[in-house]
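Chemist: There's a structure below that I have some questions on.
Number of protein chains: 2
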Amino acid sequence: MASIPGFWAVVPAGGAGTRLWPLSRAGHPKFLLDLTGSGRSLLQTTVDRLEPLAAERVVVVTGAAHAEAVRAQLPGLGPSQVLAEPSPRDSMAAIGWAAAVVERLDPDAVIGSFAADHVIPDQGAFEAVIREAAAVAHDGHLVTIGVEPTWPATGFGYIHAGEALPGAATALRAVEFVEKPDAERAARYVESGDLRWNAGMFVVRAATLLDLLGQWHPDLAAGLRAIAADPARLVELWAGLTKIAIDHAVAEPAADAGRVVVVPAPFEWDDVGDFASLATLLPTSVGEAHHAGGDGNASGVETGIRELRVLGDPADVTVIDGGGVVVPGAGRRIAIVGLDDVVVVDTPDALLVTTRARAQDVKLVVEALKAEGRADLT
Amino acid sequence: MASIPGFWAVVPAGGAGTRLWPLSRAGHPKFLLDLTGSGRSLLQTTVDRLEPLAAERVVVVTGAAHAEAVRAQLPGLGPSQVLAEPSPRDSMAAIGWAAAVVERLDPDAVIGSFAADHVIPDQGAFEAVIREAAAVAHDGHLVTIGVEPTWPATGFGYIHAGEALPGAATALRAVEFVEKPDAERAARYVESGDLRWNAGMFVVRAATLLDLLGQWHPDLAAGLRAIAADPARLVELWAGLTKIAIDHAVAEPAADAGRVVVVPAPFEWDDVGDFASLATLLPTSVGEAHHAGGDGNASGVETGIRELRVLGDPADVTVIDGGGVVVPGAGRRIAIVGLDDVVVVDTPDALLVTTRARAQDVKLVVEALKAEGRADLT
């Protein structure tokens, strides 16, 4: 199928990914990493996923520190397609800047905003959802993608969907955005069937987004349009922009005003938030030959490997009676004895050992290193 | 105090120490390693411990492959004090060769044999025991040192002690040597008070040892004496020597013949058999500053470090809610999150992750690597 006429893909590439330390570092963040063993980084995979929909109409917004790395990973993008933020100003400024740039090139353009560090394996289902979202957005709605929850996640916000949008294939009116719930509430949400994960994907006319923003944050909308009109004023104006997330700046008030539509997404989506999440994206290596015993032909199964998932070469891992997620990233042999669901991430200057259950707490290591004055390791 | 006149220390330096992989390797075995953070290897510490008793009368017996490393670690020893075995022939040949060499230098000599890879922290108590053992041995007994068991170990053999030896300070007649027991039997042994760990330390006249050996293995005794008489025949004769442990060759039959005496050893002794054993020899690092949280002054205790023991620099280890034994041996930061009693051993080419409870199974990794054809990593 052809790309969607007038559709632009906006890719905000930010976030430190501290729960993926020591793979993800401030200077080499999550979106630049190949976390699935595909040979392509999450950023590259995101752009690959969008090109069938947007053709060459892709804009990446990233921090100035990462602009060079982003351009190196995406050599097909022209210089004006990588917007380098002078400083972090949160997601509204990032996406709004891209919207203002696109608006000047095509006042009727519809933009779709997609984080650079998420994984969506089913390309066909993704394209179908975005095509419907773009059509609905063309009519003036702010469209968000509501991922069907597969488990009662407490780490994501939810979208409460209401009635069907008249004339639309699957789109529903959004009742409200709901903050990250506790475990009990999350279980109720999943049961209800009316609540979907807010995956942070928005599809909307560039002009509509900026006009909605203008209703609640007129200075921010005006500043972004002024930067797009005269890029020479970027540094001067950027520092004064309000630091606010797009959800709070536009999505939530627009939902209250009845302007938001949800397109249900029946596809698998993963934000690769931590090593437990990463594990589900990796193939199991149970069948690999990890010899034990003296006979030289015992297989991994016989030595008691359970659910071993390796990002890297499984031949670098020897498991005796155990399993988990292993990243042999320093060219060394890693041996695991008698530990289930362990997480071992080996890099040239830092090693992490934890469990899947404690994967969220890896960010505390990054905090500890910073407090210790070892930001060079973060 | 002066050294014991006519007393020679024999140090068999062998054994692969595969349960201490990846620190201990075939080419760099346990006895050459500093496993206590003292700055001296186990071999050096063993010789340091013996010099007050034997002065310069120390003989080390080791495999030809390690002779150069042994000489480098013990520059005070002359060339004839390091005996290099052409091939492994078990402990009777090793200790018997040294006995035969010493016998030629001093027909009345008493030798004490002490493994090169054990730890005895209380020097004073050790010296007192060996002085008594040497005196008893001078009278023609085969003396073994019976370590008072502190827990029902199943990994050591035991010595059953009987009546007091007339005229001796603490020495007892040995009833028999007992094989490694199961857990239930080990508990009974410890309760009885009559059974002591066989720490493999023997004190005996060199001539008595060889004469006893001659009773049960005349060819072996003759071969060892022939090598001592004409070192040029070493390679020719060595290959034909019977491969047998000193316990089976001499100690057990001598006990049956009423020729063995036990000197009780009221000191701490450790064979550093695995990383669980090693842990008990290392200082706890709970008080070290492992910062967490944003305030920059939280201590290790506050971040939930429990019983962290580090062989190396504790500053290389960051622990969030966990503990165990950590060897930062590759100059990298090691972070542990949410794992208690974990064992992490980091070396430049191999990394081990296990638990204290599974420390014995580390030898299975070495077997697996050999079966895989990666003996270079063992």
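Respectively, the protein sequence lines represent chains B and F.
For the first sequence, our numbering begins at 1 and goes up steadily by one.
For the second sequence, our numbering begins at 379 and goes up steadily by one.
Ideal Cβ placement from N, Cα and C applies to all residues, glycine included.
Would a check of beta-carbon distances place I95/B closer than 8 Å to chain F?
Modeler: no
Chemist: Anyone know if the C-beta pair for I523/F and V497/F falls short of 8 Å?
Modeler: no
Chemist: For the alpha helix (DSSP H) containing S91/B, list its first residue and its last residue.
Modeler: D90 to L105
Chemist: Tell me which residue opens and which closes the beta strand (DSSP E) that R225/B is part of.
Modeler: No beta strand (DSSP E) holds R225/B; the alpha helix (DSSP H) holding it covers P218 to A229.
Chemist: For T154/B, decide whether its Cβ has a neighbour in chain F, counting only Cβ atoms nearer than 8 Å.
Modeler: No - not a single Cβ of chain F is within 8 Å of the one on T154/B.
Chemist: Residues of chain B with CB under 8 Å from G716/F, in chain order?
Modeler: T354, T355, A357, R358 and D361
Chemist: Scan the stretch 115-187 of chain B and note each continuous beta strand (DSSP E) run of 3 residues or more that stays entirely inside, going in chain order.
Modeler: 142-147, 158-164 and 172-178
Chemist: For M379/F, count neighbouring C-beta atoms within 10 Å of its own C-beta (all shown protein chains included) and say buried if the count is 16 or more, exposed if not.
Modeler: exposed
Chemist: Return the Cβ separation of A732/F and L339/B in integer angstroms, given the expectation that the two are a contact with Cβ distance under 8 Å.
Modeler: The residue asked about is misnamed: residue 732/F is Thr in this sequence, not Ala. Confirmed, Cβ separation roughly 7 Å.
Chemist: Note down, in chain order, every chain C residue with its Cβ under 9 Å from the Cβ of D727/F.
Modeler: Absent from the structure: chain C. Protein chains present are B and F.
Chemist: What's the gap between the Cα of T658/F and the Cα of V178/B?
Modeler: 52 Å
Chemist: With DSSP as the reference, identify every bridge partner of D70/B, one or two as the case may be.
Modeler: Going by the sequence as given, residue 70/B is Val instead of Asp. In the DSSP output, where bridge partners are listed per residue, V70/B has none listed.
Chemist: Could you list which residues in chain B have their beta carbon closer than 7 Å to that of L686/F, in chain order?
Modeler: The contacting residues do not exist; L686/F stays about 13 Å from chain B at best.
Chemist: Alpha carbon to alpha carbon, what distance is there between D117/B and V58/B?
Modeler: 16 Å
Chemist: Can you give the Cα-Cα distance for G701/F and V365/B, rounded to whole angstroms?
Modeler: The straight-line gap from Cα to Cα measures roughly 14 Å.
Chemist: With a Cβ-Cβ cutoff of 8 Å, do D588/F and R603/F count as a contact?
Modeler: According to the sequence shown, residue 588/F is Leu rather than Asp. Contact flag set, yes.
Chemist: For the stretch 308-318 of chain B against the stretch 264-274 of chain B, do three or more pairs of beta-carbon atoms, one drawn from each stretch, fall closer than 8 Å, so that the two count as touching?
Modeler: no
Chemist: Output, in chain order, the set of chain B residues within a Cβ distance shorter than 9 Å of L747/F.
Modeler: H291, T318, R333 and A335
Chemist: Which residues in chain F sit within 7 Å of L377/B, going by Cβ to Cβ distance?
Modeler: Those within 7 Å of L377/B in chain F are R711.
Chemist: Between V703/F and chain B, is any beta-carbon pair separated by less than 8 Å?
Modeler: False, the Cβ-Cβ gap to chain B never drops below 8 Å.
Chemist: Quick one: does L364/B have its CB under 8 Å from some CB of chain F?
Modeler: yes
Chemist: Within 10 Å of its beta-carbon, does T46/B have 16 or more other beta-carbons around it, so buried, or fewer, so exposed?
Modeler: buried
Chemist: Can you give me the C-alpha to C-alpha distance between L590/F and W475/F, rounded to a whole angstrom?
Modeler: Here the C-alpha atom of L590/F lies approximately 14 Å from the C-alpha atom of W475/F.
Chemist: A168/B to D376/B, Cα distance in whole Å?
Modeler: Cα-Cα distance, rounded: 52 Å.
Chemist: May I ask you to verify whether the stretch 179-189 of chain B touches the stretch 215-225 of chain B, counting CB pairs closer than 8 Å and requiring at least 3?
Modeler: no
Chemist: Put F275/B into one of helix, strand or coil per three-state DSSP.
Modeler: helix
Chemist: Where do the ends of the alpha helix (DSSP H) carrying W269/B lie?
Modeler: Per DSSP, W269/B lies in no alpha helix (DSSP H) segment and is marked neither H nor E.
Chemist: Counting only C-beta atoms, is D346/B closer than 8 Å to chain F at any point?
Modeler: D346/B counts as touching chain F.
Chemist: Name, please, each residue of chain B whose Cβ falls closer than 9 Å to the Cβ of V720/F.
Modeler: L339, V342 and V353
Chemist: So, with DSSP's three-state summary, where would you put A289/B?
Modeler: With a pLDDT of only 40 at A289/B, under the threshold of 50, the placement of this residue in the model should not be trusted; the figure read from the coordinates follows. In this structure, A289/B counts as coil in the three-state DSSP scheme.
Chemist: Just to confirm, does D691/F get its C-beta within under 7 Å of one of the non-hydrogen atoms of the ligand MN?
Modeler: Only the bare structure without any ligand can be found here, which leaves the ligand MN out of the picture.
Chemist: Since R427/F is in the alpha helix (DSSP H), which residue starts that stretch and which ends it?
Modeler: Start and end: L420 to A432.
Chemist: With three or more beta-carbon pairs closer than 8 Å as the criterion, would you say the stretch 5-15 of chain B touches the stretch 29-43 of chain B?
Modeler: yes
Chemist: Where does the unbroken alpha helix (DSSP H) through P631/F begin, and where does it stop?
Modeler: E630 to D634
Chemist: Please work out which residues of its chain come closer than 7 Å, Cβ to Cβ, to G293/B, disregarding the five sequence neighbours upstream and downstream, and give them in chain order.
Modeler: Below a pLDDT of 50, predicted positions are generally treated as unreliable, and G293/B, at 38, falls in that range; no measurement from the model is reported.
Chemist: Please report the distance separating the alpha-carbon of L730/F from that of V345/B.
Modeler: 12 Å
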